Amino acid sequence: ALAGDALLVSATLSDDHITTTATANQQFLWKLGDTFELFLQAEGRPDYHEFQFSPEGHCLQLHYPHRTADRTRGLDDYLRPTLIGEHAVQIETSARRWRLSIRLPLARLLPPAVPPPRVWAFNACRYDYHADGTFTLSATTPLSRPDFHRVAEWTQIKLPLAAMNGW
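Going by the working numbering, the residue at position 71 of the sequence shown is 289; the numbering climbs one at a time, nothing skipped.
Right, here's the structure in full:
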C-alpha cells in the first residue's frame, strides 16, 4: 500500500519457533534467527536497498551500489547508519506468529532531487529458523535459485499516479 510518499508493508509470519539472538539494530539479523527481509530498487537505478527485521524489532538497513556489489568481503561498506522509515513488531506466541508493519518514505531511498519513479522492483523474503538451528527460506518472488539478491527476478510493482501527486 501507499500512504502519501511512503510504502506500507505488513507481514504476518506463522512461526512455531520464534527466535532471534539479535540485541541491536544493524546486526546481521539473518545469521541470528528469524528474519523478514524487504528488497527495493527504483526503476532505472542500479542501486538497491535491503531491510531486515527481527521478531524483537531490530532492523538492519543496507544500500548496495549495484546488483553485482561484492558481498563476500563483508557488508560494512553498505550499512546505512541512519534508519529510514518506521516499523513495529508484535509477537503473538499463543498464535505462533509475529506481525510486522513497515513504513518507508520512498523519496529517502533516492538521491536528493530525484523524483521517485512509479515502478519499483520488490522482493519480500524470510529466514524461518527451526528449533534445531536449521532454517527455511521463502520469498514472494519465485527465484530461480535461493539467492534473495537476484534483482532481475524480483516482482515489479507500479505505484498509482494519483498517489504520487506532490512528490
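Think of the CB as a built atom: it goes at the ideal place given N, C-alpha and C, for glycine as much as any other residue. Every value quoted in this text rests on a predicted model; they were computed, and no experiment measured them.
Where residue i falls: helix, strand or coil (DSSP)
i, result
"leucine 439", "There is simply no residue 439 to check, as the chain begins at 219 and stops at 385 in what is shown."
"valine 369", "helix"
"aspartate 350", "coil"
"threonine 311", "helix"
"leucine 256", "strand"
"leucine 231", "strand"
"leucine 247", "helix"
Residue i classed as buried or exposed, judged by whether at least 16 other C-beta atoms fall within 10 angstroms
i, result
"serine 348", "The amino acid at residue 348 is misidentified as serine; the sequence shows histidine. Per the 10 Å Cβ criterion, exposed."
"threonine 311", "exposed"
"alanine 240", "buried"
"phenylalanine 393", "No answer is possible for residue 393: it lies beyond the span of the chain, which begins at 219 and ends at 385."
"histidine 267", "buried"
"aspartate 233", "buried"
"threonine 253", "buried"
"aspartate 350", "exposed"
"threonine 290", "exposed"
Cβ distance (whole Å) where residue i is taken to contact residue j below 8 Å
i, j, result
"proline 323", "isoleucine 302", "7 Å"
"histidine 180", "aspartate 294", "Here the chain has residues from 219 to 385 only, and residue 180 is not among them."
"glutamate 261", "proline 335", "4 Å"
Option in the options with minimal Cα separation from residue i
i, options, result
"leucine 256", "Arg263, Thr239, Cys277 and Asn243", "Cys277"
"serine 228", "Thr238, Leu297, Arg317 and Thr290", "Arg317"
"arginine 296", "Thr286, Glu304 and His305", "Sequence inspection shows tyrosine at residue 296; the arginine mentioned does not correspond to that position. The shortest C-alpha separation from tyrosine 296 is found at Thr286."
Closer than 8 Å: residue i CB and nearest the ligand FMN heavy atom
i, result
"valine 332", "Ligands in the displayed structure: none, and consequently the ligand FMN is not present."
### Message
Pairs of beta-carbons, one from the region 365-380 and one from the region 336-345, closer than 8 Å: are there three or more?
### Response
yes
### Message
When you compare the region 350-360 with the region 264-277, are there three or more beta-carbon pairs, one atom per stretch, that lie closer than 8 Å?
### Response
no
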